[in-house]
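Using this note's numbering, read the sequence shown as starting at 2 and increasing by one per residue.
In this text, a Cβ means the ideal position worked out from N, Cα and C, and glycines have one as well.
A short worksheet on the structure shown next.
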Amino acid sequence: MAAYCGAKYAVGVGSGTDALALALAALGVGPGTTVLTTPFSFFATASVVARLGARVVFADVEPRTLNLAPAAAAAVLERTSEPVVGILPVHLFGRIADMPAFDALARRRGLWLVEDAAQAVGARVAGRMAGTFARAGCLSFYPTKNLGGIGDGGMILTDDDALAARLRQDRHHGQVEPYVHERVGLCSRLDAVQAAALGAKLPHLDAWNARRRTVAAAYTEAFRAAGVAGDPDAPLVLPKPAGDAHVFHQYVVRARERDALAAHLQAAGVATQVYYRVPLHVQAALRAHVVAPLPLPEAERAAREVLALPIYPELADAAVRAVVDATAAFYRRR
């Protein structure tokens, strides 16, 4: 993985959640600190910060990519009095966030930068891989991911010698030699069976990601041809393509009458999912740990509109047409 991603170190851990927790802990996240991130992501992005005893400050997302918006992050940093120590962008649904903008912002503010790249393994910009744009990049190998194991697994990418050494200790109870422990750490190692499965799959990852982009392009073309996307009055807003920077872990549209459409598709035999119905800043489990200095209208609107349609490398062209036909039939009847 280090060679594939172009990172100096690739530290295997037990899950993508553990990758985030270990990386943030190694960078000093704990009581009295705050991390800036997106409110529109999987729960672990924010829950690991809370678990470490720190606070989360949220900034809004971009309406087309649904990634954390650099301008919104900058505005929040201007407004908040929280002791922010770092920025944690997420490459949501497989699309790399605007890392040059976040790098510039972090440098201006004297903050570290960590990538939640759990959904974007194999995505790249100008040959540079997701997970290698920051102090550390966190991957997940959960079975549904583009590179998935046969159970949980995760990894942290870094070029930092000291950080890699710290992570290797902390994933093994902070042990520095047998039965001698400098820190509490975790028991979070990448299981050898998972590593074997992932090693067998890794040579196929680029081809699988290319096929995902092909499926996404077929969806986009068919939805536009059906007249349900492509102009401001259309009921669907399609994901913004980005070439190799998007590996389409999910194909997520913004849909008018989203829940009714999902029910119609289910009745037609098309499974869908909503990622994410409840933004993180209103999750009950996080209320005591989060702050949002500015409104988050785009994240809240996305939660009402997003719908993930079937996508995986083996999805047949006929299946894509069936999804599009069922969607178009729904809107014709409305």
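V229 has its alpha-carbon roughly 40 angstroms from the corresponding atom of M156. Inclusion of A102 and P64 in the CB contact set at 7 angstroms is not warranted, their separation being larger than that value. In the three-state reduction of the DSSP assignment, Q274 falls in the strand class. The shortest C-alpha to C-alpha distance from V122 to any of A246, A300, A285 and A75 is the one to A246. Between V321 and A223 a beta carbon distance of about 6 angstroms is seen, short of the 8 angstroms cut, so the two are scored as contacting. Check the Cα spacing between R167 and each of G150, Y180, L295 and L187: the tightest is with L187.
Contact annotation: H282 and F59 have beta-carbon atoms nearer than 7 angstroms. About 18 angstroms separates the beta carbon of A51 from that of L297, a gap too long to meet the 8 angstroms contact definition.
Put simply, the backbone Cα of S16 is about 15 angstroms away from that of G132. Of the candidates H174, V57 and L308, L308 places its Cα closest to the Cα of Q274. In this structure, the alpha-carbon of T328 lies about 7 angstroms from that of L262. Note on geometry: alpha-carbon atoms of L23 and R225 lie some 44 angstroms from one another.
When the alpha-carbon of N68 is set against those of Y276, A330 and Y5, the nearest one is in Y276. Here E178 is exposed. Its C-beta has fewer than 16 other C-beta atoms within 10 Å. Straight-line measurement puts the Cα of R259 at about 10 angstroms from the Cα of P236. Residue range L206 to A226 is occupied by the alpha helix (DSSP H) that includes V216.
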